[in-house]
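Visitor: Quick note on numbering: the UniProt record's numbering labels position 75 of the sequence shown as 75, and the sequence is numbered without any gaps. C-beta: ideal position from N, C-alpha, C; glycine also. One structure is given below, represented as structure tokens, and several questions about it will come after.
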Amino acid sequence: MPKITFIDADGTRTEVDATEGSTVMENAIKNMVQGIEAECGGACACATCHVYVDDAWAGKTGTAEPMEEDMLDFAYDVKPTSRLSCQIKVTGELDGLVVHVPERQA
Numbered sequence: 001m002p003k004i005t006f007i008d009a010d011g012t013r014t015e016v017d018a019t020e021g022s023t024v025m026e027n028a029i030k031n032m033v034q035g036i037e038a039e040c041g042g043a044c045a046c047a048t049c050h051v052y053v054d055d056a057w058a059g060k061t062g063t064a065e066p067m068e069e070d071m072l073d074f075a076y077d078v079k080p081t082s083r084l085s086c087q088i089k090v091t092g093e094l095d096g097l098v099v100h101v102p103e104r105q106a
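Below, the structure written as structure tokens:
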């Protein structure tokens with residue numbers, strides 16, 4: 001079972017066991033990770049599950065599709081490694097993934 005580490009704005013780390021085939025957002029909600037609101041439930045229709053993929057993992061999570069890029073326009077403090085966690089599928093290759101949660105969601 002892959003592990004994901006969420007680091008919030010104050011540096012608090014939350015490590016969760018993630019289910020392959022699910023999304024990073026689903027695992028955050030299931031484990032009550034602070035700062036991930038997911039108001040649209042993972043439909044890529046808001047930006048309230050915004051995360052920053054750790055630089056070491058940015059190449060492994062893929063790039064945002066056009067619809068995700070459009071939604072990121074509404075996110076708070078977008079950076080080059082910004083992603084919507086609802087759009088990152090958990091695979092065995094992502095075991096150890098680290099994402100940072102912004103200080104607030106849009």
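State the Cα-Cα distance for the pair Gly-41 and Gln-34, rounded to the nearest angstrom.
Guide: Approximately 16 Å, taken between the alpha carbons.
Visitor: Taking C-beta to C-beta, are Gln-51 and Val-78 nearer than 8 Å?
Guide: In the sequence on display, residue 51 carries Val and not Gln. No.
Visitor: From Met-67 to Thr-48, what distance separates their C-alpha atoms?
Guide: C-alpha separation (whole angstroms): 15 Å.
Visitor: Express the C-alpha separation of Arg-104 and Ala-18 in angstroms, rounding to a whole number.
Guide: Roughly 23 Å between the two C-alpha positions.
Visitor: In angstroms, rounded to a whole number, what distance separates the CA positions of Leu-84 and Gly-92?
Guide: Cα to Cα, the separation comes out at about 19 Å.
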